[in-house]
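Order-wise, the sequence lines are chains D and P. In terms of our numbering, the first sequence opens at residue 209 and continues consecutively. In terms of our numbering, the second sequence opens at residue 28 and continues consecutively.
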Amino acid sequence: MTPLKERLVQLEVLRYYPDTDTEAHFQTYEVVCQEEWVVLDALNKIKADIDPTLNYRWSCHMAVCGSCGMMINGEPKLSCHAFLREYEGVIRVEPLAHFPVERDLVTAPDDFMEKLKRVKPYVIPKEIKPISEGEYKQTPAQLMKFRQYSMCINCMLCYAACPQYGLTPSFIGPAALTLAHRYNQDSRDGGRKERQEVVATHEGVWECTFVGACSEVCPAHVDPASALQQMKITSSIDWIVEHLIPGGKS
Amino acid sequence: MAKSHKPVVWFPFAAGGTVIAFCIPVIVLLTFLAALGHVPAGLSYDKMHSFAVSVLGKLIIFGVVALSLWSSAHRLRCTCYDFGLRADTLAAAVLYVAAIIGSVASAVFLLRI
């Protein structure tokens, strides 16, 4: 078996301890990595062998849990999915943009969690059936209407990429709105009207200017931009029904 | 929280975006060809003139011009916003007024044909 190729990698990592630091600063680490490693492997090596005080979140190491999102050379990425071979020179690692830093690369997701709750991301049954009547059935075609939008792993990369969220923090944002769309599209769901109270506001879909960066950075190929544009169409049709059709006001 | 009235400007924007995507590249190409002296037989001055004289022709030309202008104005407004220009009301007023002036001008010119 041929030995694995090694490479000396320089990482410039943002460090910040709110308790003791007045401002954040970069710390450079040199770490011997194997060629096929990802940035998260390099961080793990730093923590294990060089500096145990470095803080960051991670869990699955396979782009499923969504907890290791960070800015790598200025782009929001899952660090478990950012291969070292794709980078040359010094790799700059920072916490996810647009979120307050808790410590080093760890950000506080509270704002996203609160917004997620507001869009009611769960099935609000159209009709309540007793258990004796069996399960709520769905055809493959009905499933395909929302399947793509259910793949979100809540990694928040889309929030770090969205210029509107950066400029207007009250914007509900790509992932939460996409999940609203996912449940609106579900044939078992009857909660669209409730979700529209958040979705159809200025801070809902109308804050989106269709930059599309959310869809570019999404590691699960959810395409939040398409969900938001579809919701703009349905929200516009609602507006016409409510304002221009006599008796249409709900 | 109150629902937004943005659909008033967004619907014409979306319609204009579709018009721009389908018609404008062809119009640019044909205009470019015409400028070089290559006018396809079907688009000769006489044929275009008779098209612009008819009511349906006027409506189609006005629709293409007005929707494209409105869509471009709204896109520019959004671009200003993306670049951090937070004077959204001012940007919207200037750009929408420009689109309206352009639309009215196209209507006036069309009615004169």
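Each residue gets a CB set at the ideal place from its N, CA and C atoms; glycine is no exception. As the structure is a computational prediction, the values presented were derived from the model and not from experiment.
Closer than 9 Å at the beta carbon, the chain D residues around residue i
i, result
"residue 95 of chain P", "Those do not exist, as residue 95 of chain P stays about 17 Å from chain D at its closest Cβ, beyond 9 Å."
Residues near residue i in its chain [Cβ-Cβ closer than 7 Å; skip 5 each side]
i, result
"residue 245 of chain D", "292"
"residue 390 of chain D", "354, 357 and 358"
"residue 394 of chain D", "331 and 354"
"residue 378 of chain D", "411"
"residue 217 of chain D", "239, 241, 250, 292 and 299"
"residue 134 of chain P", "89"
"residue 392 of chain D", "400 and 403"
"residue 82 of chain P", "none"
"residue 290 of chain D", "246, 247 and 280"
"residue 422 of chain D", "366, 369, 370, 382, 432 and 433"
"residue 118 of chain P", "104, 107 and 112"
"residue 397 of chain D", "331, 332, 334 and 391"
"residue 47 of chain P", "95 and 98"
Cβ-based neighbour list, residue i, same chain, cut-off 8 Å, excluding 5 preceding and 5 following
i, result
"residue 304 of chain D", "277, 278, 279, 284, 315, 364, 365, 367 and 368"
"residue 231 of chain D", "224"
"residue 40 of chain P", "97, 98, 101 and 102"
"residue 214 of chain D", "240, 241, 242 and 243"
CB contact check: residue i to chain P, cutoff 8 Å
i, result
"residue 419 of chain D", "yes"
"residue 408 of chain D", "yes"
"residue 266 of chain D", "no"
"residue 375 of chain D", "yes"
"residue 245 of chain D", "no"
"residue 434 of chain D", "no"
Beta-carbon neighbours of residue i, restricted to chain D and to distances below 8 Å
i, result
"residue 33 of chain P", "410 and 414"
Below-8 Å beta-carbon distance, residue i vs any chain D residue
i, result
"residue 48 of chain P", "no"
"residue 109 of chain P", "yes"
"residue 29 of chain P", "yes"
"residue 38 of chain P", "yes"
Distance between residue j and residue i (C-alpha atoms, nearest Å)
i, j, result
"residue 36 of chain P", "residue 262 of chain D", "49 Å"
"residue 427 of chain D", "residue 359 of chain D", "10 Å"
"residue 100 of chain P", "residue 234 of chain D", "42 Å"
"residue 127 of chain P", "residue 75 of chain P", "25 Å"
"residue 58 of chain P", "residue 68 of chain P", "14 Å"
"residue 462 of chain D", "residue 310 of chain D", "Any question about residue 462 of chain D goes unanswered here, given that chain D covers just 209 to 458."
"residue 444 of chain D", "residue 376 of chain D", "22 Å"
"residue 50 of chain P", "residue 264 of chain D", "51 Å"
"residue 296 of chain D", "residue 38 of chain P", "45 Å"
"residue 271 of chain D", "residue 424 of chain D", "16 Å"
"residue 144 of chain P", "residue 70 of chain P", "Residue 144 of chain P falls outside the range modelled here, since chain P spans only 28 to 140, and no answer is possible."
"residue 352 of chain D", "residue 79 of chain P", "46 Å"
"residue 294 of chain D", "residue 288 of chain D", "13 Å"
"residue 345 of chain D", "residue 85 of chain P", "52 Å"
"residue 77 of chain P", "residue 125 of chain P", "29 Å"
"residue 313 of chain D", "residue 307 of chain D", "11 Å"
"residue 449 of chain D", "residue 339 of chain D", "36 Å"
"residue 441 of chain D", "residue 317 of chain D", "30 Å"
"residue 387 of chain D", "residue 349 of chain D", "19 Å"
"residue 52 of chain P", "residue 137 of chain P", "22 Å"
"residue 380 of chain D", "residue 110 of chain P", "19 Å"
"residue 439 of chain D", "residue 72 of chain P", "44 Å"
"residue 65 of chain P", "residue 56 of chain P", "11 Å"
Within chain P, the residues that residue i reaches when beta carbons sit closer than 7 Å
i, result
"residue 371 of chain D", "109"
"residue 440 of chain D", "37"
"residue 443 of chain D", "34"
Chain-order list of residues whose beta-carbon lies under 6 Å from that of residue i (same chain, five-residue window excluded)
i, result
"residue 406 of chain D", "326, 327 and 412"
"residue 253 of chain D", "239"
"residue 255 of chain D", "262"
"residue 44 of chain P", "98"
"residue 93 of chain P", "130"
"residue 273 of chain D", "267"
"residue 436 of chain D", "385, 413 and 416"
"residue 220 of chain D", "234, 236, 298 and 300"
"residue 324 of chain D", "384"
"residue 212 of chain D", "242"
"residue 28 of chain P", "none"
Any non-hydrogen atom of the ligand ADP closer than 7 Å to residue i Cβ
i, result
"residue 439 of chain D", "Among the ligands in the structure shown, none appear at all, so the ligand ADP cannot be discussed."
(Q) Give the list of continuous beta strand (DSSP E) stretches no shorter than 3 residues that lie fully inside the region 287 to 372 of chain D. (A) The region 287 to 372 of chain D contains these whole beta strand (DSSP E) runs: 299 to 302 and 309 to 311.
**Q.** Those runs of the alpha helix (DSSP H) which lie wholly inside the region 233 to 260 of chain D and span at least 4 residues
**A.** Segments of the alpha helix (DSSP H) lying fully in the region 233 to 260 of chain D: 247 to 253.
Q) Which ranges would you report for the alpha helix (DSSP H) in the region 393 to 432 of chain D if only whole runs of at least 4 residues count? A) Taken in chain order, the complete alpha helix (DSSP H) segments of 4 residues or longer contained in the region 393 to 432 of chain D are 400 to 407 and 421 to 425.
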